[in-house]
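See structure below.
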Amino acid sequence: MYLSSSLTSGSYNIIVCTAEKNYLVAVSVVTVISDLEDLQAFDAAINAATPADPLTGYYVLSADIVVPDDSGFIMGNYSSAGNGYWPIDDESDVFAGTFDGRGYTISGLKVGDSGIFGNMVGATVKNVSLVDIYAYGNSEEGVTVKYGSNILAGMVDKTTIENVFVSGSISGNGGNGWYSGVMFDVQNTTIRNSVFEVEVRGELARYSSAMGLLRTNTYSNVVLLTTATAIYDNNSAQDVADSPDATNFRVYADVAAAVAGEEFGFGSFTKDGSGNILFNGEIVVAAEAAA
375 MYLSSSLTSG SYNIIVCTAE KNYLVAVSVV TVISDLEDLQ AFDAAINAAT
425 PADPLTGYYV LSADIVVPDD SGFIMGNYSS AGNGYWPIDD ESDVFAGTFD
475 GRGYTISGLK VGDSGIFGNM VGATVKNVSL VDIYAYGNSE EGVTVKYGSN
525 ILAGMVDKTT IENVFVSGSI SGNGGNGWYS GVMFDVQNTT IRNSVFEVEV
575 RGELARYSSA MGLLRTNTYS NVVLLTTATA IYDNNSAQDV ADSPDATNFR
625 VYADVAAAVA GEEFGFGSFT KDGSGNILFN GEIVVAAEAA A
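Residue numbers (the working numbering): 375 to 665.
Rendered as structure tokens:
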């Protein structure tokens, strides 16, 4: 069987013909991300994408990636971060593909503006651990961001986030006093089997919250670990009505309460006898953090 080298990453149906029968076979062509250079190329591709021509395709991690402190790389720090409102403006960076971490970890990443995945519309992010992510506030350490920074993404619509662990910190002093959180504005999206551990540096400002604005979404086995006073930025009457319920979106102020209250027997998450939280068998939140 021959597949053209000109095929971009994505899912295809091909017909395999034999003497006896023809078969329709689903084939995935993937772009492999194995090191920091590949991650930078992925970042540049999102930066170049627009709502009219979003970045599609299937991207997979093939190894853990540790970003050195002195790399100078800031992911998602785009001039095209967008205007922060629906509908997404013509200059916004848009990811509409699939990112499958396959259980690997990206750690030590610094992000600005839209975060790791830009603005996501019709995207999927799954099976990945994102550890020690640092989201810049405006003019923090000399870094200029447009509105503040988000860890995962800015505007998110019709997207699936599944089997994901995120730990990181956001600035409570976002650019123009707003636009900080794990994501900024999320609607029509499914989030399941995921844990978010979020630290807020400084006082939360207008429109800043640990998770962001969560509108009409579906949640299953979502756990948030944070000491932030603002969990999500749902202020209008409709947004308050659409807020996550405590059954499928559980919030714990500290790790001790979380490990005591959760079995973490969902997706790739488990809890060992010492109270550590594990993702794919690797400790991501240590029990001693609660001491």
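Where a beta carbon is used, it is the ideal one built from N, C-alpha and C, also for glycine.
At which residues does the alpha helix (DSSP H) containing residue i begin and terminate?
{"i": "residue 651", "result": "Residue 651 -> not in any alpha helix (DSSP H); beta strand (DSSP E) instead, spanning 651-653."}
{"i": "residue 507", "result": "It is not in any alpha helix (DSSP H) - residue 507 instead sits in the beta strand (DSSP E) that spans 498-509."}
{"i": "residue 417", "result": "410-422"}
{"i": "residue 441", "result": "Taken as a continuous stretch (DSSP letters only), residue 441 belongs to no alpha helix (DSSP H), as it is neither H nor E."}
{"i": "residue 632", "result": "629-635"}
Which first and last residues belong to the beta strand (DSSP E) in which residue i is found?
{"i": "residue 595", "result": "592-600"}
{"i": "residue 647", "result": "Per DSSP, residue 647 belongs to no beta strand (DSSP E) and is neither H nor E."}
{"i": "residue 479", "result": "479-481"}
{"i": "residue 656", "result": "656-659"}
Tell me, please, which residues DSSP counts as bridged to residue i.
{"i": "residue 622", "result": "Its beta-bridge partners do not exist; DSSP assigns none."}
{"i": "residue 560", "result": "530 and 588"}
{"i": "residue 396", "result": "391"}
{"i": "residue 450", "result": "Per DSSP, none; premise fails for residue 450."}
{"i": "residue 429", "result": "469"}
{"i": "residue 538", "result": "502"}
{"i": "residue 565", "result": "535 and 593"}
{"i": "residue 555", "result": "524"}
{"i": "residue 543", "result": "508 and 573"}
{"i": "residue 407", "result": "435"}
{"i": "residue 640", "result": "643"}
Could you say which of the options lies nearest to residue i if we only look at CA atoms?
{"i": "residue 435", "options": "469, 479 and 444", "result": "479"}
{"i": "residue 565", "options": "393, 635 and 622", "result": "622"}
{"i": "residue 543", "options": "420, 502, 594 and 508", "result": "508"}
{"i": "residue 594", "options": "537, 472, 554 and 556", "result": "537"}
{"i": "residue 584", "options": "412, 560, 395 and 592", "result": "560"}
{"i": "residue 414", "options": "539, 527, 656 and 445", "result": "445"}
{"i": "residue 486", "options": "528, 652 and 469", "result": "528"}
{"i": "residue 599", "options": "646, 587, 660 and 562", "result": "660"}
{"i": "residue 417", "options": "636, 617, 586 and 526", "result": "526"}
{"i": "residue 477", "options": "568, 590 and 586", "result": "568"}
{"i": "residue 641", "options": "502, 511, 531 and 620", "result": "502"}
{"i": "residue 475", "options": "504, 493, 450 and 396", "result": "504"}
{"i": "residue 572", "options": "654, 592, 540 and 639", "result": "540"}
{"i": "residue 470", "options": "488, 443 and 425", "result": "425"}
{"i": "residue 649", "options": "510, 403 and 634", "result": "634"}
{"i": "residue 466", "options": "441, 421, 442 and 484", "result": "421"}
{"i": "residue 591", "options": "575, 601 and 619", "result": "619"}
{"i": "residue 668", "options": "662, 437 and 449", "result": "Missing from the structure shown is residue 668; the chain here goes from 375 to 665 and no further."}
{"i": "residue 530", "options": "493, 556, 498 and 646", "result": "493"}
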